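Asks:
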Amino acid sequence: MTSESVQPVSGPNRRTVVAAVGAAGLAVALTACGSDDDASGSSTEQGAGGGASTEAGGSSPEAGAGGGAALAKTADIPEGGGKVFSDEKVVVSQPAAGDFKAFSTICTHRNCPMTDLKEDTLSCACHGSQFSVLDGSVKKGPATEPLAAKQISVSGDSITLA
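Sequential numbering from 0 applies to the sequence shown in numbering that gives the first Met the number 0.
Below, the structure written as structure tokens:
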């Protein structure tokens, strides 16, 4: 029989563990910032008013119901403001009476989901960009691209994603 010296196998040292945990945390933070995941399942509404019928690009009285999900009643969308639908990642606005528009709630700067709507301004919590929900334009950077328009249909008093 041969005698070998048995040496204990050591696990990772403290520095390795701390570095790995830090790297994993950084990866999670960066992934969350660039994620398309929804921040919350609620809707946010700002403004006041009611209206008639349009599509994302402007008035269209003959707009029929599309195959999409029903979002709201026209009376739920305030004139001069909008309402965020977090689950659908869309904001519906009413720039003028009877004129309904819809835009993505994903920030064009780093793809963060947005739910913070005050009056007609949708704000990104990640880096502070602000957008007009009335036309999708950038009100404050760092974003430079407007929000993507979404197609909606208005039939009677019902607004649906097209």
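Virtual Cβ for every residue (Gly too), placed ideally from N, Cα, C. Remember, predicted model here, so these are calculated numbers, not experimental data.
#1: Sort out for me which residues DSSP pairs residue 112 with in a bridge.
#2: Quick one: give me the first and last residue of the beta strand (DSSP E) that residue 81 is part of.
#3: Do you know how far the Cα of residue 116 is from the Cα of residue 160?
#4: In whole angstroms, give me the CA-to-CA distance for residue 38 and residue 85.
#5: If you follow the beta strand (DSSP E) that residue 94 is in, where does it begin and where does it stop?
#6: If you count every other CB in all the chains shown that lies within 10 Å of the CB of residue 40, and 16 or more means buried, which is it?
#7: Rounded to the nearest angstrom, what separates residue 71 and residue 157 at their Cα positions?
#8: In or out: residue 11 buried (at least 16 other Cβ within 10 Å) or exposed?
#9: With distances taken Cα to Cα, identify the nearest neighbour of residue 149 among 90, 19, 114.
#10: Report all residues from its chain with a CB closer than 6 Å to the CB of residue 16; omit the five preceding and five following residues, and keep chain order.
#11: Just how far apart, CA to CA, sit residue 97 and residue 133?
#12: Just the Cα atoms here: how many angstroms apart are residue 154 and residue 123?
Replies: For this structure:
#1: As a working note, residue 112 is residue 113 in the sequence shown. Per DSSP, 105.
#2: Residue mapping note: residue 81 aligns to position 82 of the sequence shown, counting from 1. Per DSSP, residue 81 belongs to the beta strand (DSSP E) from 78-84.
#3: The residue given as residue 160 occupies position 161 in the sequence shown. The residue given as residue 116 occupies position 117 in the sequence shown. Within the model, the alpha-carbon separation for residue 160 versus residue 116 is close to 20 Å.
#4: Mapped onto the sequence shown, residue 38 falls at position 39. Mapped onto the sequence shown, residue 85 falls at position 86. Note on residue 38: pLDDT 38, under 50, position unreliable in the model; no value is reported.
#5: Stepping through the sequence shown from its first residue, residue 94 is reached at position 95. Residue range 89-95 is occupied by the beta strand (DSSP E) that includes residue 94.
#6: Along the sequence shown, read from residue 1 onward, the residue named residue 40 stands at position 41. No answer about residue 40 holds up, because its pLDDT of 39 lies below 50 and its placement is not dependable.
#7: Taking the sequence shown and counting its residues from 1, the one referred to as residue 71 is at position 72. Taking the sequence shown and counting its residues from 1, the one referred to as residue 157 is at position 158. Each residue's alpha carbon lies about 6 Å from the other.
#8: Position 12 of the sequence shown holds residue 11. Per the 10 Å Cβ criterion, exposed.
#9: Sequence index remark: in the sequence shown, residue 149 carries index 150 (1-based). By alpha-carbon distance to residue 149, the top candidate from 90, 19, 114 is 90.
#10: The count along the sequence shown starts at 1 and reaches residue 16 at position 17. Exclusion of the five residues before and after residue 16 leaves no residue of its chain whose Cβ lies closer than 6 Å to its Cβ.
#11: In the sequence shown, residue 97 corresponds to position 98, counting from 1. In the sequence shown, residue 133 corresponds to position 134, counting from 1. In a straight line, the C-alpha of residue 97 is about 13 Å away from that of residue 133.
#12: If you number the sequence shown from 1, residue 154 lands on position 155. If you number the sequence shown from 1, residue 123 lands on position 124. Each residue's CA atom was taken as its position, placing residue 154 and residue 123 some 31 Å apart.
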